[in-house]
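Protein chains in written order, with this note's numbering: chain G, 1 to 280; chain A, 281 to 554.
All C-beta atoms in this analysis are idealised placements derived from N, C-alpha and C, irrespective of residue type, glycine included.
Here's the structure, in structure tokens; my notes come after.
Quick look at the structure:
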């Protein structure tokens, strides 16, 4: 069984850290034998952990550390460093020296650790750098960890229309809050996507609309309202857009069972409407 | 009040020989004609009820607010009644409602595999990875194959990108793995290895929403409705001042959560899970 020590250095103390780390440990059975205690590294609040692992592997360990980091940072608590070390006495002996480096760089530090160079390819992927003979550094690289929101090239076909029908629901079946990540195809207009994607809502009823409000709401939620000027043009370039369902756009369809609703009365031709003016 | 207010006029004509009650509820949206897309749509700001005599024609003026903050305020712009209402039942903050997608919106790629595991990878990738490991450890896969699969999983360094998530889904598609990651195994996983009610019910809520959204299947619909009820109860609990009432709401929510968990295997009956 391998023993591995690591210390998480924080910008401020927080009582929630213990339970947050405990929760992550629960999700990672490889590290179920991990003790946690509050401590200090130099003048900074820190959490010291000791893990006993049956089949230790650096890739899995780094995933475990990154999970702890992301769970803690979700609570808006900043982690400045994570130090992985072998012997606590030697770590404290070198605190004064280490702090100089720690103030300049933020990441994972491997201090006095006997690295297994058979896993060199893994260490290369995480950009391990040697700072001193017994001190290695891996930057947090949070920018590279950012969610890669890949939008998929999608044609406004019948399949696409059927897919959108399901997520948008009907007056009787509720819509689900889903956003479809699509990239439009050059040579197609936004209007084609809207017409296909929301066909059940934008019906061809002379007196009832919906297309304009869907287009403008969609564009404003995608922060691309400027496209309202070009919505019917066949665009030269692809656009990345989240096609939000009605529920996502905070829109609902009129209740079909309400007999007094003006919408239903118009559909049934019991009421005629005309001369609608906005801004009177 | 937030928002820009203006009036909308509309002429109503009773086309029948009987008196008609006409309601125009708060939230009804009236949009500009498509030739005037750069103008704001109007959201009716209060409930209106009219009684029209047989064949009566009447013009009415309705109070409204603008739905689109950054478009031009309309002045005598021709409009159209829509079948849509803005969801402003519990808010007066119109612009907040119309400018951001609702909290809890799940983003999906059109090519997402409609299997329960793919939905879990999409909504809670870390938990999906743990579930996969759990599933294969409980399966009858031979040891060398098991080691190979675990190594493949461990080589995925992060689940933030769609590419990495797709790798996990690809591993799960392996014939020897696939039967270990059905809804009934997911239920076992939650019972054995999870224990934080709020987090777990939130995970299941997102998963079920993803599944129901993609399939619109009746079996998933009931679970979706139940999971929404749990969310509502927990929200009500946050604002409840009395401790005993708080405890009551929690108990009801937990019971509903247990019902969802017990019923999760139902999702295996939906054809697409095979």
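| Item | Value |
| --- | --- |
| If the criterion is Cβ atoms closer than 9 angstroms, does the pair residue 337/A and residue 291/A meet it? | yes |
| Do you know offhand how far residue 281/A's Cα is from residue 345/A's? | At residue 281/A the pLDDT is 41, less than 50, meaning the model places this residue with poor confidence; the figure from the coordinates comes in the next sentence. If I take the Cα positions, the gap works out to 10 angstroms. |
| Between residue 182/G and chain A, is any beta-carbon pair separated by less than 9 angstroms? | yes |
| Within 8 angstroms, do at least three Cβ pairs link the region 169-187 of chain G to the region 376-386 of chain A? | yes |
| Would you identify the three-state DSSP class for residue 242/G, choosing helix, strand or coil? | strand |
| Do residue 539/A and residue 487/A come within 9 angstroms of each other at the CB atom, strictly closer than that value? | no |
| Which chain G residues sit within Cβ distance under 7 angstroms of residue 411/A? | The premise fails here: residue 411/A is roughly 10 angstroms from chain G at the closest Cβ pair, so nothing lies under 7 angstroms. |
| Just to make sure I have the definition right: I need the residues of chain A whose C-beta is within less than 8 angstroms of the C-beta of residue 265/G. Which are they? | 300, 302 |
| Please tell me whether residue 288/A has its Cβ less than 9 angstroms away from any Cβ of chain G. | yes |
| Return helix, strand or coil for residue 452/A, following the three-state DSSP convention. | helix |
| What is the DSSP secondary structure of residue 384/A, reduced to helix, strand or coil? | coil |
| Between the C-alpha atoms of residue 195/G and residue 173/G, what's the straight-line distance to the nearest angstrom? | 20 angstroms |
| Under a three-way DSSP split, which group does residue 267/G fall into? | helix |
| Please tell me whether residue 154/G has its Cβ less than 9 angstroms away from any Cβ of chain A. | yes |
| What residues are listed by DSSP as bridge partners for residue 179/G? | 244/G, 387/A |
| Round the Cβ separation of residue 250/G and residue 377/A to the nearest angstrom and send it over; I've been treating them as touching at under 8 angstroms. | 5 angstroms |
| Would you kindly check if the distance between the Cβ of residue 17/G and the Cβ of residue 72/G is under 9 angstroms? | yes |
| Going along the chain, which residues of its own chain have a beta-carbon closer than 7 angstroms to the beta-carbon of residue 140/G, five neighbours each way excluded? | 106, 107 |
| Quick one: grab the DSSP three-state call for residue 482/A. | helix |
| Our contact map puts residue 365/A next to residue 276/G with C-beta atoms below 8 angstroms; I'd like the distance itself, whole angstroms only. | That pair is no contact at about 16 angstroms. |
| Would you please state the rounded distance, in angstroms, between the beta carbons of residue 110/G and residue 81/G? I believe it to be under 8 angstroms. | That pair is no contact at about 12 angstroms. |
| Where residue 6/G and residue 129/G are concerned, what is the direct C-alpha to C-alpha distance, given to the nearest angstrom? | 18 angstroms |
| Opposite residue 292/A in the DSSP bridges: which residues? | 273/G, 338/A |
| Out of 265/G, 214/G, 237/G, which one is the CA nearest neighbour of residue 321/A? | 214/G |
| By alpha-carbon positions, which one of 234/G, 40/G, 37/G, 259/G ends up nearest to residue 191/G? | 234/G |
| Residue 406/A touches chain G at which residues, Cβ-Cβ below 7 angstroms? | 27, 67 |
| Tell me, which residues are paired with residue 51/G by DSSP? | 4/G, 34/G |
| Can you tell me whether DSSP reads residue 285/A as helix, strand or coil? | strand |
| Nearest CA to the CA of residue 441/A: which residue from 423/A, 546/A, 500/A, 389/A? | 389/A |
| Classify residue 409/A as buried or exposed, calling it buried when 16 or more other Cβ atoms lie within 10 Å of its own Cβ. | buried |
| According to DSSP, simplified to helix, strand and coil, what is residue 17/G? | helix |
| How big is the Cα-Cα spacing for residue 89/G and residue 135/G? | 16 angstroms |
| Under the three-state reduction of DSSP, which class applies to residue 216/G: helix, strand or coil? | helix |
| In angstroms, rounded to a whole number, what distance separates the CA positions of residue 504/A and residue 339/A? | 43 angstroms |
| Please tell me whether residue 115/G has its Cβ less than 9 angstroms away from any Cβ of chain A. | no |
| Can you tell me the Cα-Cα spacing of residue 144/G and residue 78/G, whole angstroms? | The pLDDT assigned to residue 144/G is 46, lower than 50, so where the model puts this residue is not dependable, and the model offers no usable value. |
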